[in-house]
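Chemist: Using our numbering, the first residue of the sequence shown is number -19, and each one after it goes up by one. Below you'll find the structure I mean.
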Amino acid sequence: MNQAYYQNDGSIHCIGNGMLAVYEQGPNIIQIFGPPYSSPSYMQFSLCAEDGLFVISQREPQTAVWHHKLILRGKQIGEMIDFTIEGSPCFLRLVELLEPVDLRIDMEKNWQVSINGKRFGRQKVCAGFMAYADAGISVYEHVPYPSCRDIVHQVMMRGNIAMDDNLTVHAQPGHSVIYCVGGEDYPACVENAEWVLHQKPEKLLDKVRTCWREFSARRKDFEKKLPQNLPLREKVLSAVDDVSVLIKTQQSREGGILAGHNYHLAYVRDQYGASRCLLKLGYRKEAKKILEYYFRIFEKYGKIHNAQTMGDSHHFHIHENDNVEITGYLIIQAFDYYNASQDKDFLIRIMPMLEWAWFAQVEELKENMLPFNGDETYVAGGILPRTVLCEGSAESTLLFLTAGERLLKFVGKGGLWGSPMLYAQQELYHMVKTQYKERFYKNGDLITNRPFADENDQQRFLHGVCQKCGKFGWNELDISGYYLCRDCYGSPTEVKPLQRIYRIPSVKLTPVYLGSSIFGPGEERRMIEEFICSYPEQESRTVGYDKGMLLYALGRRNMPQAETIYREVLEQLDSVGGWAEYYYGRKPDGTRYRPWESGINLEAVLQYAAGYTAD
């Protein structure tokens, strides 16, 4: 059997309700998991058919309801409608066919299957199976973070449909329904399955539409806000709806947001760009929920790391130098929410977490600089070598200063700290700020890294990525100068290359994006111009928010290139209205349907649009 062709550009989209998430590529389910959102996918569900079948996949505006129209020999032979229902971890696919169609189920490794359709025979279920994995299965494919309990899912089918022993589904002409149901445990999964079978699918769909339209109605009315003469106005309005759904479907009921289909964890940095976008769209409730999620974890463990699982049990995804960068983002995110909501009581409630995030950075200061976080975008993407991690970082240090400016002003005004402690932290802040340009601003250019003067003063152990084999875990500083895992430690390897200065273009845009007070308008304009001159686009890998940050900076400084970049940012949108993790040349690369990059880029587009005036 041949996999059916679908009319899209390789885009991936999510259908989720905070409990159960389904990632699709066209009509094909490539992942399905939850609850919780930090769970492994248990199957792929692909449309198969004779040559000539193709599918047009489209999302219903203002909802996460997806329609897949099946076309064979120029004639529509059916339609599938996909959605997750409200308040229960249930996904439904409504199938209406004029001709038979087959679908293939491929189970993921470490999952077992029990064919059990007959147990629901009274509810007219004609085929079904339970998929289950024992406690200990990894909830995140990249690292073995074990589930603390068994995971159970139930798949059921009703109507003119059957399933053979090879898990191939044969859908016949007429009406059928496919149910995929999750649960916190075996009893909950069974009860959820029994409950959903007693509901009318059409009424569930109506309720889903109503809930999504209520969500869409809560955002700002950009139909009224955007200038009528704005270029590509309709595309911007579509992007507002697309990205709103993109973020909402990937936000767990706990509040953390998936970083895309490859990353079933909540990454602190990724939440920041998504949060800024949510606030720009008017979704304060969703932005607050992210901070609530982190504060619950902080209350339980007294710390936050690079990423953490979502659910009632937690694993920390600990990278090198996790006390920097993400801690700055966390403080800035909290004050972004406060500035938008004026919710002072909430800010004071989470203040213990923000104080921890500040002092965690203070402890890492060396020569009044902070090092890189190991999951920093340029490092993780191979744009910057991992060997610079324990050098001074312009971006980490800038995050420290931007966070400190807001935090120290608030605690000082509110009298939250005693005078000696406040004075000491203000002195430290001003010392780092005074020396920042000396450290990182060379000849009008913002450099990315600055090696510490004492090369020998390095931590012996770091948790993160082995700098030889790439394995994740504890690493030790080897005589070669690299941090190596226990298998690579002591083995022959090349000596760490001499220190050098890097100039990553996007770093030059960070001061404007963060609203830093370190540089004046003229200095910022010069760095923006340097970015434009040095930006590698052809046959190079660039981060997915590069042009969004550039557009944001151009708009803030009223520079003439803004409209050109505005058009280029919108050109990068794929067929489902999302931006990718990276771009290679002009083509999407890495993870698709990303909240972080999509949030940054849409915020920049909306900022430009708000100030647009035709020449």
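Backbone N, C-alpha and C define an ideal beta-carbon position, used for all residues, glycine too.
Could you have a look at Phe352 and say whether DSSP puts it in helix, strand or coil?
Modeler: Working through the sequence shown from its first residue, we reach residue 352 at position 372. Coil at Phe352, not helix or strand.
Chemist: Taking C-beta to C-beta, are Val605 and His297 nearer than 8 angstroms?
Modeler: As displayed, the chain neither begins before -19 nor continues past 595, which places residue 605 out of reach and without an answer.
Chemist: Mapping DSSP to helix, strand and coil, what is Pro124?
Modeler: In the sequence shown, the residue the question calls residue 124 occupies position 144. If DSSP states are grouped into helix, strand and coil, Pro124 belongs with the strands.
Chemist: Answer with buried or exposed for Gly558, where buried requires no fewer than 16 other C-beta atoms within 10 angstroms of its C-beta.
Modeler: Taking the sequence shown and counting its residues from 1, the one referred to as residue 558 is at position 578. Buried, because 16 or more other Cβ atoms sit within 10 Å of the Cβ of Gly558.
Chemist: Would a check of beta-carbon distances place Gly97 closer than 8 angstroms to chain D?
Modeler: Among the chains in the structure shown there is no chain D, since it carries only a single protein chain.
Chemist: In the DSSP assignment, find the unbroken beta strand (DSSP E) run with Tyr3 in it and report its ends.
Modeler: One-based indexing of the sequence shown puts residue 3 at position 23. Looking at the DSSP string, the run of the beta strand (DSSP E) that includes Tyr3 is 1 to 5.
Chemist: Determine the direct distance from the alpha carbon of Met401 to that of Pro41, and round the result to whole angstroms.
Modeler: If you number the sequence shown from 1, residue 41 lands on position 61. If you number the sequence shown from 1, residue 401 lands on position 421. Taking the straight line joining both Cα atoms gives about 53 angstroms.
Chemist: Considering Pro181, what are the terminal residues of the beta strand (DSSP E) in which it resides?
Modeler: By one-based count along the sequence shown, residue 181 stands at place 201. Not the beta strand (DSSP E): Pro181 falls in the alpha helix (DSSP H), residues 181 to 197.
Chemist: DSSP three-state label for Cys28, please.
Modeler: Working through the sequence shown from its first residue, we reach residue 28 at position 48. Cys28 falls in the strand class under three-state DSSP.
Chemist: In the structure shown, what three-state DSSP assignment does Met143 receive?
Modeler: On the sequence shown, position 163 is the one that residue 143 refers to. Looking at Met143 - three-state DSSP - the assignment turns out to be strand.
Chemist: To the nearest angstrom, report how far apart Gln415 and Glu347 are at their CA atoms.
Modeler: In the sequence shown, the residue the question calls residue 415 occupies position 435. In the sequence shown, the residue the question calls residue 347 occupies position 367. Rounded to whole angstroms, Gln415 to Glu347 spans 9 angstroms at the Cα level.
Chemist: For the beta strand (DSSP E) that contains Ala590, what are its first and last residues?
Modeler: Mapped onto the sequence shown, residue 590 falls at position 610. From DSSP, Ala590 is part of no beta strand (DSSP E) but of the alpha helix (DSSP H) over 575 to 590.
Chemist: To which residues does DSSP link His150 through a beta bridge?
Modeler: Locating residue 150 in the sequence shown gives position 170, counting from the first residue. Answer by DSSP bridge pairing, in chain order: Asp82, Ala142.
Chemist: So, with DSSP's three-state summary, where would you put Ser22?
Modeler: The sequence position of residue 22 within the sequence shown is 42, counting from 1. What sits at residue 22 in the sequence shown is Tyr, not Ser. Coil at Tyr22, not helix or strand.
Chemist: Put Glu305 into one of helix, strand or coil per three-state DSSP.
Modeler: As a first step, residue 305 must be located in the sequence shown, where it is residue number 325. Three-state DSSP puts Glu305 in coil, outside helix and strand.
Chemist: How far does the alpha helix (DSSP H) with Gln42 in it reach, from first residue to last?
Modeler: Numbered from its first residue, the sequence shown carries residue 42 at position 62. Note, Gln42: premise wrong, no alpha helix (DSSP H); not H, not E.
Chemist: So what's Trp454 in DSSP terms, helix, strand or just coil?
Modeler: Within the sequence shown, residue 454 is the residue found at index 474, counting from 1. Strand.
Chemist: In whole angstroms, what separates the C-alpha of Ile328 from that of Gln251?
Modeler: For the purposes of this step, residue 328 is taken as residue 348 along the sequence shown, with counting starting at 1. For the purposes of this step, residue 251 is taken as residue 271 along the sequence shown, with counting starting at 1. If I take the Cα positions, the gap works out to 20 angstroms.
Chemist: Helix, strand or coil for Asp114 per DSSP?
Modeler: Locating residue 114 in the sequence shown gives position 134, counting from the first residue. Correct three-state label for Asp114: coil.
Chemist: For Ser514, which residues in the same chain have their Cβ closer than 6 angstroms to its Cβ, ignoring the five residues on either side in sequence?
Modeler: Working through the sequence shown from its first residue, we reach residue 514 at position 534. Result list for Ser514: Pro485, in chain order.
Chemist: What's the C-alpha gap between Glu435 and Cys370?
Modeler: Residue numbering aside, residue 435 sits at position 455 when the sequence shown is read from its first letter. Residue numbering aside, residue 370 sits at position 390 when the sequence shown is read from its first letter. About 9 angstroms.
Chemist: Taking all protein chains shown into account, do 16 or more other C-beta atoms lie within 10 angstroms of the C-beta of Gly108, making it buried, or fewer, making it exposed?
Modeler: Counting from 1 along the sequence shown, the entry for residue 108 is found at position 128. Per the 10 Å Cβ criterion, buried.
Chemist: At which residues does the alpha helix (DSSP H) containing Lys55 begin and terminate?
Modeler: To locate residue 55, count along the sequence shown from 1; it is residue 75. It is not in any alpha helix (DSSP H) - Lys55 instead sits in the beta strand (DSSP E) that spans 55 to 64.
Chemist: Glu385 and Ser497 look like a contact to me (Cβ under 8 angstroms); what is the Cβ gap, rounded to whole Å?
Modeler: For the purposes of this step, residue 385 is taken as the residue at position 405 of the sequence shown. For the purposes of this step, residue 497 is taken as the residue at position 517 of the sequence shown. The Cβ separation is near 6 angstroms, so the contact holds.
Chemist: Any idea if Phe100 is buried or exposed, counting beta-carbon neighbours within 10 angstroms, 16 or more meaning buried?
Modeler: Numbered from its first residue, the sequence shown carries residue 100 at position 120. So Phe100 counts as buried.
Chemist: Check whether the Cβ atoms of Gly(-10) and Leu0 lie closer than 8 angstroms to each other.
Modeler: Taking the sequence shown and counting its residues from 1, the one referred to as residue -10 is at position 10. Taking the sequence shown and counting its residues from 1, the one referred to as residue 0 is at position 20. Contact flag unset, no.
Chemist: Should the segment 142 to 152 be called in touch with the segment 173 to 186, which here means at least 3 C-beta pairs below 8 angstroms?
Modeler: No: fewer than three Cβ pairs fall under 8 angstroms.
Chemist: Comparing C-alpha positions only, which one of Ile131, Ser156, His133 sits nearest to Met143?
Modeler: In the sequence shown, the residue the question calls residue 143 occupies position 163. Among Ile131, Ser156, His133, the Cα nearest to that of Met143 belongs to Ser156.
Chemist: With distances taken Cα to Cα, identify the nearest neighbour of Ala590 among Tyr546, Lys104, Ile227.
Modeler: Within the sequence shown, residue 590 is the residue found at index 610, counting from 1. Taking only the C-alpha atoms, the option nearest Ala590 is Tyr546.
Chemist: Tell whether a beta-carbon distance below 8 angstroms holds between Gln231 and Glu266.
Modeler: Within the sequence shown, residue 231 is the residue found at index 251, counting from 1. Within the sequence shown, residue 266 is the residue found at index 286, counting from 1. Yes; because the gap between Cβ atoms is below 8 angstroms, this pair is in contact.
Chemist: Three or more C-beta pairs under 8 angstroms: does that hold for the segment 469 to 479 against the segment 416 to 424?
Modeler: Contact fails: fewer than three Cβ-Cβ distances are below 8 angstroms.
Chemist: I'd like the list of long-range same chain contacts for Val445, defined as Cβ closer than 7 angstroms, with 5 residues on each side in sequence excluded.
Modeler: Indexing the sequence shown from 1 puts residue 445 at position 465. Same-chain partners within the cutoff: Gly354, Arg366, Phe452.
Chemist: Can you tell which of Tyr563, Val523, Val556 has the C-alpha that lies nearest to the C-alpha of Cys(-6)?
Modeler: Walking along the sequence shown from the start, residue -6 turns up at place 14. Considering only alpha carbons, the answer is Val556.
Chemist: Look up Asp250 in the DSSP assignment and say whether it is helix, strand or coil.
Modeler: Counting from 1 along the sequence shown, the entry for residue 250 is found at position 270. Of the three classes helix, strand and coil, the one that applies to Asp250 here is helix, per DSSP.
Chemist: Using alpha carbons as the reference points, say which of Leu364, Gly398, Arg73, Ile312 lies closest to Leu378.
Modeler: Reading the sequence shown from its first residue, position 398 is the one you call residue 378. Nearest C-alpha to Leu378: Ile312.
Chemist: Does the beta-carbon of Glu577 have 16 or more other beta-carbons within 10 angstroms, so that it is buried, or is it exposed?
Modeler: Looking up residue 577 in the sequence shown gives position 597. Classification for Glu577: buried.
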